[in-house]
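Contents: one structure, followed by commentary.
In the UniProt record's numbering, the protein residues as written are 1 to 188.
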């Protein structure tokens, strides 16, 4: 059985082990494995601002996903970029859809209106996940990424999770959202 909870800095070592194999591929644009302290700091920096969700199997992290600010300028506050990673033996089981759904729900409670996935090509599985989750392919950045001795295109996937016609309320930090609602989403 898989359970979901918010990440803590104590998860850094387990999550880094999940992330590390992706660095050898074009899935992430990171080219070197970050030090454990740096990776832990990444979790700390998101703490309370955006969701950082861990998927566990028998109490052991097997995947994670998080939201982050799409761009730094104030007018972009209601748009978030998403990232999702699973251990090699937990891919293709529908867990990406499950964790993304929880991420959408938490971000929507915060007031986020639009979520974006950036997929470095080739990565058909991630493209397929975004398509299945109702994202629209809105663009391709040609030869935007240099990794493993080649240029790679980047697909931009977009999904609206809130009303994009109305003026938005101020964005809430995740720590400002009702904890009971957060727990209900994670436990559903």
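In this text, a Cβ means the ideal position worked out from N, Cα and C, and glycines have one as well.
Remark: C-beta atoms of residue 154 and residue 118 approach each other more closely than 9 Å. Considering only 108, 120 and 43, the residue with the shortest C-alpha distance to residue 30 is 120. If you draw a straight line from the Cα of residue 141 to the Cα of residue 156, it is about 8 Å long. Our two residues, residue 66 and residue 135, have alpha carbons roughly 17 Å apart in a direct line. Given a length threshold of 3 residues, each whole run of the beta strand (DSSP E) inside the UniProt domain "N-acetyltransferase" (2-158) is given here in chain order: 2-6, 52-57, 60-69, 79-86, 114-120 and 136-147. Measuring C-alpha to C-alpha distances from residue 107 to each of 85, 41 and 172 identifies 172 as the nearest. When the alpha-carbon of residue 123 is set against those of 152, 146, 139 and 144, the nearest one is in 152.
Below 8 Å, enough C-beta pairs join the segment 53-65 and the segment 17-26 to call them touching: three or more.
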